[in-house]
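In what follows, a single structure is set out as C-alpha cells and then discussed.
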Amino acid sequence: MKVLVAGGAGFIGSTVASACLDAGIEPVILDNLVTGRVEFTRGRIFYQGDIADGPLLDRIFAEHPEIGAVVHAAALIVVPESVAEPLRYYRENVAKSIDFIEHLLRNGVHRYVFSSSASIYQTNEDFSVDEDSPLAPTSPYARTKAVMEMILADAAAATPLRALSLRYFNPIGADPELRTGLQTARPTHALGKMIGAYENGEEFLITGTDWPTRDGSGIRDYVHVWDLARAHVQALLKFDEVLPADGDRSVEVINLGTGEGTTVRELVAAFTEAAGPLRTGEAPPRPGDGAGSFTRSTRARALLDWKPEFSVADGIRHSLAWARKRTEVLGPDTAA
C-alpha cells in the first residue's frame, strides 16, 4: 500500500511518513518546501511542488497507481502570522486545498485524512472538549481549519470523497529515533521557545497570565508527535472500517490528545526538572491566542484502537535530544 503525504517534509508530515514506513506503508511525499525540509525526504519517494498543481498530481498518481489514500498535512500553522497575513493563510490552507481535493477526485483517490486542529473549539468552563463541543476558532489559522472541515462535509456529500478529520491538540517531542523533528530554528510553540531560551540563556516569556485556569497561564493537551503519527497509521489501516464506501457516513472527526490538561507554568516546571533552571517572565497573550483546551473524548480509542503512549516528560526529553541533533541533520542554518 502507498499513501500520498502532502506536507511530508514538515514536522508532522515527516513523522507520519516515518511511522508509515515502520508499519509497512510506503509514503509518497509531496511538499513545496516553503516550511518543509528536503533533508526529511532522504530515502523516500519525493516530489517537490504544490498541492494545487494539477499536472504534478496527475503525474504522481500515474507513476504510483498503488496510492490508495492521502494524508493532508500541508498547511501554514503560525497563529500570530495568520493574524498579520490572513489572506495568505486562506489562500494556502483553504483555496489550494480545494484545488487539491479536485485533483484527488479526478484521479480516483477517495480516502482523505485531514490534519485539523483543536484550536477550532470554543473554550468552556473546565477546558475539556469532545468532538461534539461547540466551535469558535479565535485566529485566522484556526478558522482555516474550521472552514476546511465544512468544505470536506459538503464535498463528501456530493462526491465519492470520504474524509477523516484528525483534530490535533498540541504536538511536542520528536521521532524517538531522531530521524526528524521540528525543522525551524526558532519554533513558535511553548516547548520550542523554552528550549531556545534555555540554550541561549534567555528568558522564556509566559504569554498570557490572566486566563481563568488554575494558575492563570494557558492550558494545553500536549500530545507526543510520535503518538500522533501512530494515529495516522491507524487511520489508514482502519479507514474502510470507520468510513465504509457504502456506509451512511462519509466524514468523521476524531480528537487526538492525551486527555490531560497541562498549563504553561506546569510545562515550565516539567522542563526545569528535565533540563535545568529556566528563567521566565510574563507577557500579554499573542494575537489570536486562547486559553486552550484538552480532550475528554474516547473516540480515537473506539474507532482507531489508538491511545497515547508517551508522556509530557517523554516529549520534553525527545525534544531536547532532537535539539542537540538538529544541526547534524539539517545543517548549521537551523541553529541560528
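The opening residue of the sequence shown carries number 414 in the working numbering; numbering runs sequentially from there. Idealized CB from N, CA, C, for every residue including glycine.
Exposure label - residue i; buried when at least 16 CB within 10 Å
{"i": "A487", "result": "buried"}
{"i": "L500", "result": "exposed"}
{"i": "N583", "result": "buried"}
{"i": "P745", "result": "exposed"}
{"i": "V418", "result": "buried"}
{"i": "M563", "result": "exposed"}
{"i": "T593", "result": "buried"}
{"i": "R599", "result": "exposed"}
{"i": "N613", "result": "exposed"}
{"i": "R575", "result": "buried"}
{"i": "V725", "result": "buried"}
{"i": "E505", "result": "buried"}
{"i": "A568", "result": "buried"}
{"i": "R519", "result": "exposed"}
{"i": "P697", "result": "exposed"}
{"i": "R633", "result": "buried"}
{"i": "A570", "result": "exposed"}
{"i": "P547", "result": "exposed"}
Strand pairing of residue i, partner residues [DSSP]
{"i": "G694", "result": "L618"}
{"i": "S530", "result": "Y581"}
{"i": "Q461", "result": "D444"}
{"i": "S541", "result": "F707"}
{"i": "L417", "result": "V441 and V483"}
{"i": "A576", "result": "Y525 and V664"}
{"i": "Y635", "result": "N583"}
{"i": "L669", "result": "Y581"}
{"i": "T676", "result": "I632"}
{"i": "L548", "result": "Y534"}
Nearest-angstrom Cα separation, counted from residue j out to residue i
{"i": "R643", "j": "P468", "result": "31 Å"}
{"i": "F527", "j": "D623", "result": "33 Å"}
{"i": "D628", "j": "A704", "result": "12 Å"}
{"i": "G456", "j": "T536", "result": "42 Å"}
{"i": "P625", "j": "R472", "result": "52 Å"}
{"i": "T747", "j": "T448", "result": "Any answer about T747 is weak, because its pLDDT of 44 lies below 50 and its placement is not dependable; what the coordinates show is given next. Cα to Cα, T747 sits roughly 12 Å from T448."}
{"i": "R737", "j": "L579", "result": "30 Å"}
{"i": "L650", "j": "L434", "result": "13 Å"}
{"i": "A749", "j": "R739", "result": "Summary for A749: the model assigns pLDDT 37, below 50, so the residue's position carries little reliability; its value from the coordinates is reported in the next sentence. Rounded to whole angstroms, A749 to R739 spans 11 Å at the Cα level."}
{"i": "A422", "j": "V441", "result": "11 Å"}
{"i": "T711", "j": "I667", "result": "9 Å"}
{"i": "S532", "j": "H477", "result": "35 Å"}
{"i": "V560", "j": "R709", "result": "23 Å"}
{"i": "D718", "j": "E479", "result": "25 Å"}
{"i": "D702", "j": "D543", "result": "20 Å"}
{"i": "E515", "j": "Y611", "result": "45 Å"}
{"i": "G609", "j": "L691", "result": "11 Å"}
{"i": "G420", "j": "V429", "result": "10 Å"}
{"i": "A688", "j": "F424", "result": "23 Å"}
{"i": "L565", "j": "E695", "result": "40 Å"}
{"i": "Y460", "j": "L716", "result": "32 Å"}
{"i": "E357", "j": "W735", "result": "It is not possible to answer for residue 357, since the shown part of the chain is limited to 414 through 749."}
{"i": "V483", "j": "F453", "result": "18 Å"}
{"i": "V655", "j": "Y581", "result": "18 Å"}
Cutoff 6 Å; reference residue i; Cβ partners in own chain excluding five residues on either side
{"i": "V491", "result": "T601"}
{"i": "L577", "result": "V526, A648 and E665"}
{"i": "P829", "result": "Look at the range of the chain in this structure, 414 to 749, and you will see that residue 829 is not part of it."}
Contacting residues, own chain, Cβ-Cβ under 8 Å from residue i (five flanking each side not counted)
{"i": "G481", "result": "M414, K415, V416, V522 and R524"}
{"i": "V714", "result": "Note that residue 714 is Arg in the sequence shown here, rather than Val. So the list reads K720, once near-sequence residues are dropped."}
{"i": "A436", "result": "V646 and L650"}
{"i": "A658", "result": "H523, P573 and R575"}
{"i": "S431", "result": "D588, E590, R592, T593 and A642"}
Cut-off 7 Å between Cβ atoms - residues of its own chain near residue i, not counting five sequence neighbours on either side
{"i": "D727", "result": "G586 and H637"}
{"i": "P758", "result": "Outside the shown range of the chain (414 to 749) lies residue 758, about which nothing can therefore be said."}
{"i": "S630", "result": "I619, G621, T622, W624, T676, V677 and R678"}
Beta-carbon separation (whole angstroms), residue i vs residue j, contact threshold 8 Å
{"i": "F723", "j": "V681", "result": "The pair is not a contact, with the Cβ atoms about 19 Å apart (cut-off 8 Å)."}
{"i": "A465", "j": "D539", "result": "The pair is not a contact, with the Cβ atoms about 41 Å apart (cut-off 8 Å)."}
{"i": "K558", "j": "S529", "result": "5 Å"}
{"i": "L669", "j": "L641", "result": "6 Å"}
Any non-hydrogen atom of the ligand NAD closer than 6 Å to residue i Cβ
{"i": "V742", "result": "Only the bare structure without any ligand can be found here, which leaves the ligand NAD out of the picture."}
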